[in-house]
Amino acid sequence: MCSDGGAALDPSGYNEPPMSLSLDEIMRRWPATIRVFLHHEMLCVGCPIAIFHTVADTCDAHDIDRKRFEDDLSDAIRDDDNAAAQPFAGSEYS
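Here the sequence shown stands for residues -18 to 75, where the numbers follow the working numbering.
Written as C-alpha cells, this is what we have:
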C-alpha cells in the first residue's frame, strides 16, 4: 500500500485498483469501467448506493461471478490508463 492508502504500483507501472473502493470511486477514477457495469447489466451507474457498495457487495447483490467481474474491471482500468497516456490526435504531442 502507498502512504496515501492507495494500492502500490507493480513493476510495470500498472496500478491495480483496490476492490475495496466504492463503486462510485472506481467509476470516477477509471471512467472506462462504466462499460463493464453496463455489460454485466448492472444499474450501478448513477445509483445513489454506489458510494457505499464495493465490488464484493455488488457482485453478491446482483449474483455476478466476482472473479470474472474483477478481471473485466482490471482490463477496463488498464485500457483507461493506456488511453490517458496517449496524446490526443492532432495535438502538438501526437
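Backbone N, C-alpha and C fix where the C-beta goes; we use that ideal spot for every residue, glycine too.
By how many angstroms is the C-alpha of I32 removed from the C-alpha of W11? 15 Å
Where E51 and L19 are concerned, what is the direct C-alpha to C-alpha distance, given to the nearest angstrom? 14 Å
Where A37 falls, given that 16 or more other Cβ within 10 Å makes a residue buried: exposed
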